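J.:
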Amino acid sequence: MRKEYIDMLECVGHGFWEWNPIANLISLSPQWITMLGYDVKEFEQTKDKWMSLIHPDDLTYCLNELTALLSGRTKHYQHQHRMLCQDGSYKWVLDQAKVIAYNPNGYPTKVVGTHTDIDELRTTLEMYKQQRIKP
289 MRKEYIDMLE CVGHGFWEWN PIANLISLSP QWITMLGYDV KEFEQTKDKW MSLIHPDDLT
349 YCLNELTALL SGRTKHYQHQ HRMLCQDGSY KWVLDQAKVI AYNPNGYPTK VVGTHTDIDE
409 LRTTLEMYKQ QRIKP
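So the mapping is simple: this note's numbering equals the position in the sequence shown, first residue as 1, plus 288.
#1: My assumption, with CB atoms under 8 Å, is that Pro396 sits in contact with Leu358. Please give the rounded CB distance.
#2: Where does the unbroken alpha helix (DSSP H) through Arg420 begin, and where does it stop?
#3: Using the beta-carbon count (16 or more within 10 Å), is Glu332 buried or exposed?
#4: Using three-state DSSP, classify Ala356 as helix, strand or coil.
#5: Helix, strand or coil: how does DSSP classify Lys329 here?
What follows is the structure, encoded as C-alpha coordinates:
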(Lines of atoms letter the chains of each structure in order from A and count residues from 1; the text may use other names and numbers.)
(Lines give C-alpha, C1' and ligand atoms only; values in the text may rest on other atoms or scores of the structure.)
Protein backbone atom coordinates (compact mmCIF):
# COMPACT_ATOMS: atom_id res chain seq x y z
CA MET A 1 0.00 0.00 0.00
CA ARG A 2 1.26 3.45 -0.81
CA LYS A 3 1.87 5.33 2.41
CA GLU A 4 0.59 8.69 1.19
CA TYR A 5 -2.81 7.21 0.28
CA ILE A 6 -3.07 5.45 3.60
CA ASP A 7 -2.16 8.65 5.43
CA MET A 8 -4.79 10.59 3.48
CA LEU A 9 -7.53 8.04 4.24
CA GLU A 10 -6.60 7.76 7.89
CA CYS A 11 -6.58 11.55 8.19
CA VAL A 12 -10.33 11.47 7.55
CA GLY A 13 -10.90 8.41 9.75
CA HIS A 14 -10.99 5.66 7.13
CA GLY A 15 -9.16 2.38 7.34
CA PHE A 16 -7.73 0.91 4.15
CA TRP A 17 -7.37 -2.65 2.98
CA GLU A 18 -5.82 -4.41 0.02
CA TRP A 19 -6.48 -8.01 -0.97
CA ASN A 20 -5.05 -10.38 -3.55
CA PRO A 21 -7.80 -13.02 -3.91
CA ILE A 22 -5.59 -15.41 -5.91
CA ALA A 23 -2.79 -15.52 -3.34
CA ASN A 24 -5.31 -14.89 -0.52
CA LEU A 25 -3.06 -12.18 0.90
CA ILE A 26 -4.55 -9.24 2.74
CA SER A 27 -3.03 -6.08 4.11
CA LEU A 28 -4.90 -3.87 6.56
CA SER A 29 -3.95 -0.34 7.52
CA PRO A 30 -3.31 0.48 11.18
CA GLN A 31 -6.52 2.57 11.26
CA TRP A 32 -8.56 -0.46 10.07
CA ILE A 33 -7.21 -2.49 12.98
CA THR A 34 -7.29 0.14 15.73
CA MET A 35 -10.80 1.25 14.75
CA LEU A 36 -11.96 -2.04 16.26
CA GLY A 37 -9.72 -1.72 19.32
CA TYR A 38 -7.08 -4.26 18.31
CA ASP A 39 -3.32 -3.87 18.66
CA VAL A 40 -1.62 -3.48 15.28
CA LYS A 41 1.42 -5.55 16.31
CA GLU A 42 -0.66 -8.48 17.53
CA PHE A 43 -3.41 -8.55 14.90
CA GLU A 44 -3.35 -11.47 12.45
CA GLN A 45 -3.81 -10.00 8.96
CA THR A 46 -5.56 -12.84 7.17
CA LYS A 47 -8.83 -13.09 5.26
CA ASP A 48 -10.04 -15.73 7.73
CA LYS A 49 -9.44 -13.37 10.67
CA TRP A 50 -11.19 -10.54 8.81
CA MET A 51 -14.22 -12.71 8.03
CA SER A 52 -14.34 -14.06 11.60
CA LEU A 53 -14.93 -10.51 12.87
CA ILE A 54 -18.05 -9.92 10.76
CA HIS A 55 -21.27 -10.41 12.72
CA PRO A 56 -22.78 -13.83 11.86
CA ASP A 57 -26.07 -12.21 10.74
CA ASP A 58 -24.17 -10.03 8.23
CA LEU A 59 -21.61 -12.53 6.95
CA THR A 60 -23.59 -14.29 4.21
CA TYR A 61 -24.69 -11.08 2.54
CA CYS A 62 -21.16 -9.67 2.82
CA LEU A 63 -19.65 -12.78 1.21
CA ASN A 64 -22.28 -12.73 -1.56
CA GLU A 65 -21.44 -9.10 -2.34
CA LEU A 66 -17.70 -9.84 -2.42
CA THR A 67 -18.35 -12.79 -4.74
CA ALA A 68 -20.36 -10.53 -7.04
CA LEU A 69 -17.44 -8.10 -7.14
CA LEU A 70 -14.88 -10.81 -7.91
CA SER A 71 -17.06 -12.37 -10.60
CA GLY A 72 -17.59 -9.03 -12.32
CA ARG A 73 -21.35 -8.94 -11.68
CA THR A 74 -20.75 -5.65 -9.88
CA LYS A 75 -18.03 -3.04 -10.32
CA HIS A 76 -18.14 -1.70 -6.79
CA TYR A 77 -18.65 -3.35 -3.40
CA GLN A 78 -20.41 -1.39 -0.69
CA HIS A 79 -21.75 -2.98 2.46
CA GLN A 80 -22.69 -1.93 5.98
CA HIS A 81 -22.06 -4.59 8.58
CA ARG A 82 -21.12 -5.13 12.19
CA MET A 83 -17.59 -6.05 13.17
CA LEU A 84 -16.44 -7.61 16.41
CA CYS A 85 -14.30 -5.26 18.49
CA GLN A 86 -11.52 -6.35 20.80
CA ASP A 87 -13.71 -5.57 23.84
CA GLY A 88 -16.43 -7.98 22.63
CA SER A 89 -18.85 -5.32 21.37
CA TYR A 90 -19.88 -4.89 17.74
CA LYS A 91 -19.35 -1.74 15.71
CA TRP A 92 -21.08 -0.78 12.45
CA VAL A 93 -18.70 -0.14 9.55
CA LEU A 94 -19.13 0.82 5.94
CA ASP A 95 -16.92 -1.30 3.71
CA GLN A 96 -16.35 -0.18 0.11
CA ALA A 97 -14.10 -1.77 -2.48
CA LYS A 98 -13.16 -2.02 -6.11
CA VAL A 99 -11.07 -4.40 -8.20
CA ILE A 100 -8.09 -2.48 -9.61
CA ALA A 101 -5.97 -5.23 -11.20
CA TYR A 102 -6.60 -8.45 -13.11
CA ASN A 103 -4.39 -11.30 -14.32
CA PRO A 104 -4.20 -12.21 -18.06
CA ASN A 105 -7.13 -14.62 -17.57
CA GLY A 106 -9.31 -11.78 -16.30
CA TYR A 107 -9.36 -12.86 -12.67
CA PRO A 108 -8.97 -10.13 -10.04
CA THR A 109 -5.51 -9.91 -8.48
CA LYS A 110 -5.92 -6.72 -6.45
CA VAL A 111 -8.95 -5.44 -4.61
CA VAL A 112 -8.66 -2.24 -2.59
CA GLY A 113 -11.14 -0.89 -0.13
CA THR A 114 -11.96 1.44 2.70
CA HIS A 115 -13.35 0.70 6.13
CA THR A 116 -15.32 3.50 7.79
CA ASP A 117 -16.71 3.63 11.32
CA ILE A 118 -20.42 4.44 10.99
CA ASP A 119 -21.43 3.18 14.43
CA GLU A 120 -22.39 6.59 15.80
CA LEU A 121 -24.42 7.38 12.67
CA ARG A 122 -26.29 4.05 12.84
CA THR A 123 -26.96 4.50 16.56
CA THR A 124 -28.28 8.03 16.02
CA LEU A 125 -30.51 6.93 13.15
CA GLU A 126 -31.90 4.06 15.19
CA MET A 127 -32.66 6.37 18.13
CA TYR A 128 -34.39 8.80 15.76
CA LYS A 129 -36.42 5.96 14.26
CA GLN A 130 -37.47 4.74 17.72
CA GLN A 131 -38.56 8.25 18.74
CA ARG A 132 -40.71 8.59 15.63
CA ILE A 133 -42.43 5.27 16.35
CA LYS A 134 -43.47 6.26 19.90
CA PRO A 135 -47.13 7.40 20.14
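The beta-carbon is built from N, C-alpha and C at its ideal position, and this holds for glycine as well.
Please read these numbers as outputs of a predicted model, since none were measured by experiment.
T.: Working from what's here:
#1: Yes, they are in contact, since the Cβ atoms of Pro396 and Leu358 sit about 5 Å apart, within 8 Å.
#2: Taken as a continuous stretch (DSSP letters only), the alpha helix (DSSP H) holding Arg420 covers 407 to 421.
#3: By the neighbour-count rule (16 or more Cβ atoms within 10 Å), Glu332 is not buried but exposed.
#4: It is helical.
#5: Correct three-state label for Lys329: coil.
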